[in-house]
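**Q**
There are 2 protein chains.
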Amino acid sequence: MRISDVAKHAGVSPSTVSYVLSGKRSISETTRRRVRESIDALGYQPHAGARSLASRRSNVIALVIPLREDVHVPVAMRFAVSVTTSARTHDHDVLLLTQGEGPDGLRRVAGSAMCDGVIVMDVEADDARVPVLRSLDLPSVLIGVPEDVEGLTCVDLDFAAAGAACLHHLADLGHTDVAFVGQPPSVYERRTGFAERTVAGYEAAARERGVRATLHPCSPDTARDVAAGLVRDRPDLTGLIVHNEPSVAPLLDAFQELGRTPPELSVAVIGPPAPVVPPLTSVDLPAEAVGARAVQLLMDKIDGLGGPGVTLLEPRLTPAGSTAPRT
Amino acid sequence: MRISDVAKHAGVSPSTVSYVLSGKRSISETTRRRVRESIDALGYQPHAGARSLASRRSNVIALVIPLREDVHVPVAMRFAVSVTTSARTHDHDVLLLTQGEGPDGLRRVAGSAMCDGVIVMDVEADDARVPVLRSLDLPSVLIGVPEDVEGLTCVDLDFAAAGAACLHHLADLGHTDVAFVGQPPSVYERRTGFAERTVAGYEAAARERGVRATLHPCSPDTARDVAAGLVRDRPDLTGLIVHNEPSVAPLLDAFQELGRTPPELSVAVIGPPAPVVPPLTSVDLPAEAVGARAVQLLMDKIDGLGGPGVTLLEPRLTPAGSTAPRT
DNA sequence: GTGAAAGCGCTAACAC
DNA sequence: GTGTTAGCGCTTTCAC
Numbered sequence: 000m001r002i003s004d005v006a007k008h009a010g011v012s013p014s015t016v017s018y019v020l021s022g023k024r025s026i027s028e029t030t031r032r033r034v035r036e037s038i039d040a041l042g043y044q045p046h047a048g049a050r051s052l053a054s055r056r057s058n059v060i061a062l063v064i065p066l067r068e069d070v071h072v073p074v075a076m077r078f079a080v081s082v083t084t085s086a087r088t089h090d091h092d093v094l095l096l097t098q099g100e101g102p103d104g105l106r107r108v109a110g111s112a113m114c115d116g117v118i119v120m121d122v123e124a125d126d127a128r129v130p131v132l133r134s135l136d137l138p139s140v141l142i143g144v145p146e147d148v149e150g151l152t153c154v155d156l157d158f159a160a161a162g163a164a165c166l167h168h169l170a171d172l173g174h175t176d177v178a179f180v181g182q183p184p185s186v187y188e189r190r191t192g193f194a195e196r197t198v199a200g201y202e203a204a205a206r207e208r209g210v211r212a213t214l215h216p217c218s219p220d221t222a223r224d225v226a227a228g229l230v231r232d233r234p235d236l237t238g239l240i241v242h243n244e245p246s247v248a249p250l251l252d253a254f255q256e257l258g259r260t261p262p263e264l265s266v267a268v269i270g271p272p273a274p275v276v277p278p279l280t281s282v283d284l285p286a287e288a289v290g291a292r293a294v295q296l297l298m299d300k301i302d303g304l305g306g307p308g309v310t311l312l313e314p315r316l317t318p319a320g321s322t323a324p325r326t
Numbered sequence: 000m001r002i003s004d005v006a007k008h009a010g011v012s013p014s015t016v017s018y019v020l021s022g023k024r025s026i027s028e029t030t031r032r033r034v035r036e037s038i039d040a041l042g043y044q045p046h047a048g049a050r051s052l053a054s055r056r057s058n059v060i061a062l063v064i065p066l067r068e069d070v071h072v073p074v075a076m077r078f079a080v081s082v083t084t085s086a087r088t089h090d091h092d093v094l095l096l097t098q099g100e101g102p103d104g105l106r107r108v109a110g111s112a113m114c115d116g117v118i119v120m121d122v123e124a125d126d127a128r129v130p131v132l133r134s135l136d137l138p139s140v141l142i143g144v145p146e147d148v149e150g151l152t153c154v155d156l157d158f159a160a161a162g163a164a165c166l167h168h169l170a171d172l173g174h175t176d177v178a179f180v181g182q183p184p185s186v187y188e189r190r191t192g193f194a195e196r197t198v199a200g201y202e203a204a205a206r207e208r209g210v211r212a213t214l215h216p217c218s219p220d221t222a223r224d225v226a227a228g229l230v231r232d233r234p235d236l237t238g239l240i241v242h243n244e245p246s247v248a249p250l251l252d253a254f255q256e257l258g259r260t261p262p263e264l265s266v267a268v269i270g271p272p273a274p275v276v277p278p279l280t281s282v283d284l285p286a287e288a289v290g291a292r293a294v295q296l297l298m299d300k301i302d303g304l305g306g307p308g309v310t311l312l313e314p315r316l317t318p319a320g321s322t323a324p325r326t
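Order-wise, the sequence lines are chains V and L.
Each residue of the first sequence is one higher than the one before, starting from 0 at the first, in numbering that gives the first Met the number 0.
Each residue of the second sequence is one higher than the one before, starting from 0 at the first, in numbering that gives the first Met the number 0.
(1) So that I know if they touch, is there some Cβ in chain L lying closer than 8 angstroms to that of Q182/V?
(2) Who are the near neighbours of D92/L in its chain, counting only those whose CB is closer than 6 angstroms to its CB and skipping five residues on each side?
(3) Please list the partners that S37/V has in chain L, where partner means a Cβ-to-Cβ separation under 8 angstroms.
(4) Flag Q255/V as yes if its beta-carbon sits less than 8 angstroms from any beta-carbon of chain L, otherwise no.
(5) Run the CB neighbour count on A40/L, radius 10 Å, all protein chains shown included, and call it buried at 16 or more, exposed below.
(6) Run through chain V and tell me which residues come within less than 8 angstroms of P73/L, C-beta to C-beta.
(7) Between which two residues does the beta strand (DSSP E) harbouring I2/L extend?
(8) If we call anything under 8 angstroms between Cβ atoms a contact, is T197/L one with E123/L?
(9) Indicate the three-state DSSP secondary structure (helix, strand or coil) for R190/L in the structure shown.
(10) On the DSSP bridge list, what partners appear for D125/L?
(11) I'd like the span of the alpha helix (DSSP H) that includes D155/V, first residue to last.
(12) Taking A267/V as the query, report the chain L residues whose CB atoms sit under 8 angstroms from its CB, ordered along the chain.
(13) Which ranges would you report for the beta strand (DSSP E) in the stretch 12-65 of chain L if only whole runs of at least 3 residues count?
(14) How is A112/L classed by DSSP in three states: helix, strand or coil?
(15) Below 8 angstroms between beta carbons is the criterion; list the residues of the stretch 117-135 of chain L that meet it against any residue of chain V, in chain order.
(16) Terminal residues of the continuous alpha helix (DSSP H) containing L297/V?
(17) Name the residue from R315/L, S12/L and A112/L whose alpha carbon lies nearest to the alpha carbon of A288/L.
(18) Any beta carbon from chain V within less than 8 angstroms of P45/L's own beta carbon?
(19) Name the two residues that bound the continuous alpha helix (DSSP H) containing R211/L.
(20) For A222/V and chain L, any beta-carbon pair shorter than 8 angstroms?
(21) Report yes or no: is there a C-beta of chain L within less than 8 angstroms of the C-beta of L250/V?
(22) Take the Cβ of D125/V as the centre, count every other Cβ of all protein chains shown within 10 Å, and call the residue buried at 16 or more, exposed below.
(23) Using a Cβ cut-off of 7 angstroms, pull out every chain V residue sitting near S27/L, in sequence order please.
(24) Using a beta-carbon distance below 8 angstroms, is D4/V in contact with chain L?
(25) For chain V, find out if any of its Cβ atoms is closer than 8 angstroms to the Cβ of D92/L; answer yes or no.
(26) Taking the continuous beta strand (DSSP E) assigned at A178/V, which residues delimit it?
(27) Please state if the CB of R211/L and the CB of V177/L are separated by a distance shorter than 8 angstroms.
(28) Measuring alpha carbon to alpha carbon, tell me which residue in S281/L, V117/L and L172/L is nearest E244/L.
(29) Among A112/L, I64/L and R223/L, which residue has its Cα nearest to the Cα of G99/L?
(30) What did DSSP end up calling A205/L once you bin it into helix, strand or coil?
(31) Whole angstroms is fine: what's the gap from C153/V's alpha carbon to L96/V's?
(32) Would you say T83/L faces chain V, with C-beta separation under 8 angstroms as the test?
(33) Is the beta carbon of G116/L closer than 8 angstroms to that of L304/L?
(34) Considering only their Cβ atoms, is the gap separating I142/L from A49/L smaller than 8 angstroms?
(35) Got a sec: is the Cβ-Cβ distance from L172/V to anything in chain L below 8 angstroms?
(36) May I ask you to report which of helix, strand or coil DSSP gives S246/V?
Dropping the structure here:
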């Protein structure tokens with residue numbers, strides 16, 4: 000089943016079928032309909048390899064997913080699904096690259112023309128893949144923001160604004176002593192962009208508002224200790240910002256056992272709304288929007304449109320019962 | 000940069016370069032070396048589309064990942080990563096299909112020759128994709144086992160054996176009253192193979208051993224109620240089997256508050272070892288092994304080797320401090 | 001052990 | 001608005 004079979008069936012030339020499919024030149028309404036009918040009748044599907052050979056377009060994008068222990072998998076998956084779904088609306092498929100392949104994976108897919116572009120997740124401040132991307136002339140979009148963004152196209156949530164939004168929210172409620180429970184230490188050590196920027200936004204806002212503000216890296220299994228340490232050392236603490244999805248539940252449990260429960264201890268979280276009752280004041284992480292935007296930007300680049308630039312999506316803080324005015 | 004450039008550089012014909020790359024005919028050691036050197040010197044990489052057009056092999060496999068609310072994402076991701084990594088060792092890449100595309104996604108990638116085969120995850124007892132797979136003559140491997148396995152190649156953990164192993168372990172310790180806390184109700188309603196089989200194995204073993212055994216679907220937000228119900232209605236309960244990864248922590252917390260802690264209440268879990276201290280007696284879910292096996296089986300099918308069949312990997316129960324003899 | 005050349009199925013000039 | 005045709009870059013017969 001090839002394009003010439005469809006052409007014969009419809010009584011037109013192969014190129015006409017091709018143009019009906021691509022819409023790259025105008026076709027009379029009658030011809031278009033006849034061709035469409037033949038395509039349906041025969042169940043024709045173009046051969047992807049032949050198409051990519053002739054058109055120099057694979058209609059595939061690559062997605063590099065993170066695999067680190069300290070990356071919250073469900074969030075990564077939300078990005079991946081969003082990218083895949085969005086790509087389909089642009090008639091592209093998604094090739095999965097694991098971070099384990101590193102820069103070589105990028106060279107491989109670029110060199111063999113397996114994909115038209117690549118989306119890289121979990122970008123660090125000084126990411127080894129960035130120089131490779133610069134040298135590769137493969138259209139790319141980063142989800143995350145490295146230190147040097149020269150020539151790159153990046154998308155992310157405005158994490159600095161998210162950190163600031165939480166602090167301003169608490170400051171507006173009268174809190175003057177706040178702690179920030181963050182990502183596992185390793186995340187800061189490898190200088191993951193989003194984590195650094197969140198803290199920077201939080202600390203800047205705290206200075207601005209004259210709020211006492213400290214930082215406490217955390218992971219689910221150290222949550223208990225972090226809570227105990229805060230209760231012991233910070234008697235005046237009334238505000239808590241948590242930027243660590245899987246630690247939210249253990250942290251709240253620990254604080255509760257220590258006699259501190261929201262909203263007496265006002266808690267705001269940065270991340271997907273945890274399915275806890277009652278709901279928490281939170282800044283959502285719009286993975287779907289970020290993924291869709293990344294795909295859109297990549298499609299533009301593939302089509303030679305748009306230049307480099309950093310797109311930061313505005314965070315939205317949703318107040319809930321876990322934060323209240325200081326008493 | 001094409002194969003003919005490499006051929007010229009090495010002073011051989013294009014076909015010789017092709018054969019050096021594919022190993023499909025014998026090449027003299029000297030020629031092989033010269034060609035290899037030219038390939039390295041020029042940094043040649045074959046064009047994937049051209050290759051797939053000429054050879055009718057894309058060297059890509061598709062992977063359908065589940066996206067359901069009730070599927071535990073980190074486990075699904077472990078499968079996906081294992082499949083991707085294994086595929087690379089067989090010189091294949093992985094195309095991501097979301098479950099949202101359903102049967103049409105399979106038809107699409109099969110019809111356009113985008114991939115040589117497909118691996119389908121999260122298979123249900125009566126799965127809509129199975130008849131499509133049967134009609135498609137696209138090599139496929141299912142991770143999971145549907146009701147009718149005629150003509151299919153399936154891999155999975157032997158969940159029936161896992162359920163039985165937990166019960167036998169508890170029975171060996173003298174427990175005679177056991178409860179099984181399972182997946183969310185929706186998982187059973189849509190008849191997901193692995194959940195049904197686990198329960199079946201558990202119940203059969205319980206009958207065999209004369210143990211009182213009941214089933215309790217659960218999700219993280221109903222864990223508290225499930226625990227309360229069991230404490231209230233089952234005063235003689237001393238054994239618990241949990242087949243619900245994200246509910247383990249809330250469940251144990253709830254039981255603790257009700258005065259029941261391991262190993263007085265002996266708890267065994269089916270799933271990846273939870274990072275809790277002290278560790279729990281558990282049956283591991285060998286996602287890596289299952290993914291690797293699925294890829295191996297698929298590669299064999301693509302090469303025309305091996306027939307249909309169901310491969311069940313033996314579970315391994317690792318005893319730990321959460322289970323103890325009944326007192 | 002190696003080379004020549006005929007496709008693989010499609011796209012996009014070019015021609016009308 | 002439509003048809004003809006020359007590639008796209010590789011694999012694989014066929015021939016030696």
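Note that the Cβ used here is the ideal one computed from N, Cα and C, for glycine as well.
**A** Result, derived from the coordinates:
(1) It does not: the Cβ of Q182/V has no partner Cβ on chain L nearer than 8 angstroms.
(2) V59
(3) Correct list: empty, because the minimum Cβ distance to chain L is about 15 angstroms.
(4) Contact of Q255/V with chain L is not assigned, every C-beta pair being separated by 8 angstroms or more.
(5) exposed
(6) Using a Cβ-Cβ cut-off of 8 angstroms, P73/L is close to V72 and P73 of chain V, given in chain order.
(7) Taken as a continuous stretch (DSSP letters only), I2/L belongs to no beta strand (DSSP E), being part of the alpha helix (DSSP H) at I2 to A9.
(8) no
(9) coil
(10) Paired residue(s): none; D125/L is not in a bridge.
(11) Taken as a continuous stretch (DSSP letters only), D155/V belongs to no alpha helix (DSSP H), being part of the beta strand (DSSP E) at T152 to L156.
(12) Those within 8 angstroms of A267/V in chain L number zero; the least Cβ separation is about 21 angstroms.
(13) 59-64
(14) The answer is coil: DSSP assigns A112/L none of H, G, I, E or B.
(15) none
(16) A286 to I301
(17) R315/L
(18) Interface residue, yes.
(19) Under the DSSP assignment, R211/L falls outside any alpha helix (DSSP H), being part of the beta strand (DSSP E) whose first and last residues are R211 to H215.
(20) no
(21) no
(22) Exposed, since its Cβ has fewer than 16 Cβ neighbours within 10 Å.
(23) Within 7 angstroms Cβ-Cβ: nothing; S27/L doesn't reach chain V, min ~27 angstroms.
(24) For D4/V, the answer is no, since every Cβ of chain L falls outside 8 angstroms of its Cβ.
(25) yes
(26) D176 to V180
(27) yes
(28) In terms of Cα proximity to E244/L, the closest of S281/L, V117/L and L172/L is S281/L.
(29) I64/L
(30) helix
(31) Going by the C-alpha atoms only, they are around 19 angstroms apart.
(32) yes
(33) At a Cβ-Cβ threshold of 8 angstroms, L304/L and G116/L do not count as neighbours.
(34) no
(35) no
(36) Three-state result, S246/V: helix.
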